[in-house]
Amino acid sequence: MVEIMDYQTLPKLVRRVLKITANGNASLPSRRQMTSKLFALVALVPGIASVVMAIALHQTSGLAFIISAIFFCGISLLLFGRKRLLEFDSATQQVYLSTSLWHFFQKRSAIAPFSALTCELTSLGTKGPYQITIAEQNYVFDDYQDAYALLAFLSSHYKFPVTENISNWPNKTPLSFDNRQTADITPLDQTETLSNKSDVYIEIWDRKSIIRLSLPFFFFTVLAGLIKYGVL
Numbered sequence: 269m270v271e272i273m274d275y276q277t278l279p280k281l282v283r284r285v286l287k288i289t290a291n292g293n294a295s296l297p298s299r300r301q302m303t304s305k306l307f308a309l310v311a312l313v314p315g316i317a318s319v320v321m322a323i324a325l326h327q328t329s330g331l332a333f334i335i336s337a338i339f340f341c342g343i344s345l346l347l348f349g350r351k352r353l354l355e356f357d358s359a360t361q362q363v364y365l366s367t368s369l370w371h372f373f374q375k376r377s378a379i380a381p382f383s384a385l386t387c388e389l390t391s392l393g394t395k396g397p398y399q400i401t402i403a404e405q406n407y408v409f410d411d412y413q414d415a416y417a418l419l420a421f422l423s424s425h426y427k428f429p430v431t432e433n434i435s436n437w438p439n440k441t442p443l444s445f446d447n448r449q450t451a452d453i454t455p456l457d458q459t460e461t462l463s464n465k466s467d468v469y470i471e472i473w474d475r476k477s478i479i480r481l482s483l484p485f486f487f488f489t490v491l492a493g494l495i496k497y498g499v500l
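Put into structure tokens, the structure is as follows:
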């Protein structure tokens, strides 16, 4: 089980990606989950537009928009609730693929034991970004220290091997988590400050983002109502 205080010391950008489950296990979103959230956002746009048009038009004229709103908003709701996570279980020493739909239809399937898990850190350019590959899932960070912090956290809690090919490219070298090793493989010309760094892997489906995205819905709904009843 992951210690909460230990988790809270991680950089903010790392905590956007790495989450702690109700069971106390660390989890990472899969590629399919990220894709689902993107499609959910895309479907939300015509859904909101259809709701506004259905309210603004007369009952008979707005029937098509009502059907369209139900269709697109329903798809968006389903996709937003779809979870597909890599879950690291310290009790069984295995990584699982956990899936659910709005906390229903929960299912877990074992991917690999920690001893057989492959985890690699690579640089996608001379100055980054830096890609972490775990169980065929990729997580990309602009800043090396963020990628290193995520790997150090997972390795310290779950004891699976980590390799990197930055210091002796293209050869894979075991990555040890101490200050000396960090200094050896961090690029010398990396001068970005903590305040300027940004994560390539952005969680756009968190609670605050959903609230911000819903604000236009309420605004245009009120606007459509005012137009319909002749106030504007």
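Using this note's numbering, read the sequence shown as starting at 269 and increasing by one per residue.
For each residue, glycine too, the CB sits at the ideal point set by N, CA and C.
Less than 8 Å between C-beta atoms, sequence neighbours within five positions excluded: which residues of the same chain meet that for residue i?
i, result
"Ala417", "Leu278, Pro279 and Val282"
"Ser295", "Leu286, Lys287, Ile288, Thr289, Leu353, Leu354, Glu355, Phe356 and Ser366"
"Leu369", "Leu346, Gly349, Arg350 and Lys351"
"Gly330", "Met321, Ala322, Ile323 and Ala324"
"Ser424", "Phe445"
"Ser463", "Unreliable placement is indicated for Ser463, whose pLDDT of 38 sits below 50; the coordinate value is still reported in the next sentence. Within the same chain, Ser463 has no close Cβ partners at all."
"Leu392", "Tyr398, Gln399 and Val408"
"Leu419", "Cys387, Leu389, Ile400, Val430, Leu443 and Phe445"
Tell me where the beta strand (DSSP E) around residue i begins and ends.
i, result
"Val408", "Gln405 to Phe409"
"Lys351", "Arg350 to Asp357"
"Leu392", "Note, Leu392: premise wrong, no beta strand (DSSP E); not H, not E."
"Gln361", "Taken as a continuous stretch (DSSP letters only), Gln361 belongs to no beta strand (DSSP E), as it is neither H nor E."
Could you tell me the boundaries of the alpha helix (DSSP H) in which residue i lies?
i, result
"Phe372", "Unbroken run through Phe372 is the beta strand (DSSP E), Phe372 to Pro381; no alpha helix (DSSP H)."
"Ala384", "It is not in any alpha helix (DSSP H) - Ala384 carries neither H nor E in the DSSP assignment."
Go through its chain and collect everything with a Cβ distance to residue i's Cβ below 7 Å, but skip five positions before and after it.
i, result
"Ile453", "For Ile453, the pLDDT reaches just 47, beneath the cut-off of 50, and the residue's location in the model is therefore unreliable, leaving the point undetermined."
"Ala378", "Gln362 and Tyr364"
Would you check if the distance between the CB atom of residue i and the CB atom of residue j is smaller than 7 Å?
i, j, result
"Gln413", "Asn406", "no"
"Phe348", "Ala317", "no"
"Phe421", "Ala415", "no"
"Ser344", "Leu312", "yes"
"Gly315", "Phe340", "yes"
Return the chain-ordered list of same chain residues with a C-beta closer than 6 Å to the C-beta of residue i, the five sequence neighbours on each side being excluded.
i, result
"Ile402", "Cys387"
"Asp457", "Because Asp457 sits at a pLDDT of 44, beneath the cut-off of 50, its placement in the model cannot be relied upon, and the point is left open."
"Lys375", "Thr367"
Does residue i come within less than 7 Å of chain B when only Cβ atoms are used?
i, result
"Phe356", "No chain B appears in the structure shown, which is made up of a single protein chain."
Check whether the segment 378-388 touches the segment 421-437, taking contact to mean three or more Cβ pairs, one atom from each stretch, closer than 8 Å. yes
Determine contact between the segment 315-322 and the segment 291-303, defined as no fewer than three beta-carbon pairs at a distance below 8 Å. no
I'd like the ranges of any alpha helix (DSSP H) spanning at least 4 consecutive residues and lying wholly in the segment 397-446. 412-426
Runs of beta strand (DSSP E) lying entirely within the segment 277-340, each at least 3 residues, in chain order: Taking only runs of at least 3 residues, the beta strand (DSSP E) segments lying wholly in the segment 277-340 are 294-297.
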